[in-house]
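For reference, the structure discussed in these notes is given below.
Rendered as structure tokens:
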């Protein structure tokens, strides 16, 4: 549904489709703020970006206890408009005691007394009542007390995501989703719609490998049950996403051409740069080195060929094949093999036998 809305604290009329998050009753513009990257900004920059995002029309803000000072920055920037926004945060806790500690810290930093959506973060299992851990019961208690409004879960493994949706225990699912998604992942979005589970799309730019904001936005906007959270760190990034409030990108021939080209270049296995494989026992910067070939070509920059990155790529030779990175990869990639392929390609680029 497209609505005509007056932006809070400004006189700008904006057009933007809104999305209902499953059966939660939450309805927000299909253009939301992912607050992971602002942990890399100083407080002044982060607060400015968050407040501009709100004034520009964004009302859904996603953060996590794991994102260092992201929650604190959200609290400083938006506590005075708390009643007008939706805050989703996450816990990676493994025990009820740790969950409660995370939750109380989140409330304090966010300067609020409730969280709209509280999510199990990067779950590698589906927590259930009666499973002996007490984790889901802890969430239920917080919801009964009104301290959280809805119980959610985030996952990177498709099997975990499907199980969570089918369980009927979770009101929202956060999962990677972009025009590079597999047919099985596309089906997951439809499954959420059928079961009334709100779908929050992370990595809609595939970890930076999708370079067209217009194409990314147009693709997601085809789905009336998906809220994308765009990771925002810089002013130019925010400006791009806010521009779609005035003129939403649509699926036209230009966009279709971009999507088809990207899908042909990025078919098969590729590293999204999420970093869940880290740290490496040998000090290899896996989450960049395992996708260096793509970054050289899709985000061209002389910086990738700097002395710093030459040394980082050289460190791949220290790999012992222990396989720890492979066991931790949520996409189940053969990470050691990806590292080797990227190392060989990088050396060819340096030698001038391969151009980028």
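Numbering (my numbering), first residue to last: 1 to 356. Every residue gets a Cβ at the ideal spot worked out from N, C-alpha and C, and that includes glycine.
Check                                                                                                                                                                       : Outcome
Suppose the cutoff is 6 Å on Cβ atoms and the five residues either side in sequence are ignored; what does the same chain contact list for residue 149 look like?           : 116
Below 8 Å on the Cβ atoms is my guess for residue 54 versus residue 76; work out the distance and round it to an integer in Å.                                              : Not quite, the Cβ-Cβ distance comes to about 13 Å (not below 8 Å), so this is no contact.
To the nearest angstrom, how far is it from the Cα of residue 200 to the Cα of residue 228?                                                                                 : 6 Å
Are residue 177 and residue 155 touching if we call contact CB-CB under 9 Å?                                                                                                : no
Assuming residue 165 and residue 195 make a contact with CB atoms under 8 Å, what is their CB distance in whole Å?                                                          : 6 Å
In chain order, which continuous runs of the alpha helix (DSSP H) of length 4 or greater are located wholly inside the stretch 66 to 108?                                   : 70 to 78
Does residue 279 come out as helix, strand or coil in the three-state DSSP assignment?                                                                                      : coil
If you measure between the beta carbons of residue 172 and residue 153, is that distance less than 9 Å?                                                                     : yes
When DSSP labels each residue in this structure, what does residue 193 get in the three-state scheme?                                                                       : helix
Do residue 299 and residue 262 have their beta-carbon atoms positioned less than 9 Å apart in this structure?                                                               : no
Residue 325 to residue 93, Cα distance in whole Å?                                                                                                                          : 21 Å
Looking at residue 147 and residue 170, is the spacing between their C-beta atoms short of 9 Å?                                                                             : no
Examine the Cβ distances between the stretch 234 to 249 and the stretch 282 to 297 and report whether three or more of them are shorter than 8 Å.                           : no
Taking Cβ positions, are residue 65 and residue 95 nearer each other than 9 Å?                                                                                              : no
Residue 282 to residue 313, Cα distance in whole Å?                                                                                                                         : 12 Å
Considering only DSSP beta bridges, list what residue 150 is partnered with.                                                                                                : 117
Say whether the stretch 327 to 337 touches the stretch 265 to 279, bearing in mind that this needs 3 or more beta-carbon pairs closer than 8 Å, one atom from each stretch. : yes
Quick one: give me the first and last residue of the beta strand (DSSP E) that residue 176 is part of.                                                                      : 172 to 176
Taking the alpha carbon of residue 118 as the point to measure from, which residue in 125, 101 and 142 has its own alpha carbon closest?                                    : 142
Can you pull the DSSP bridge partners for residue 32?                                                                                                                       : 229
Buried or exposed, going by whether 16 or more other CB atoms sit within 10 Å of the CB of residue 320?                                                                     : exposed
Taking the alpha-carbon of residue 337 as reference, which of 225, 248 and 316 has the nearest alpha-carbon?                                                                : 316
DSSP beta-bridge partners for residue 62?                                                                                                                                   : 34 and 88
Could you have a look at residue 251 and say whether DSSP puts it in helix, strand or coil?                                                                                 : coil
From residue 34 to residue 22, what does the alpha carbon distance come to, in whole angstroms?                                                                             : 19 Å
In three-state DSSP terms, what is residue 321?                                                                                                                             : coil
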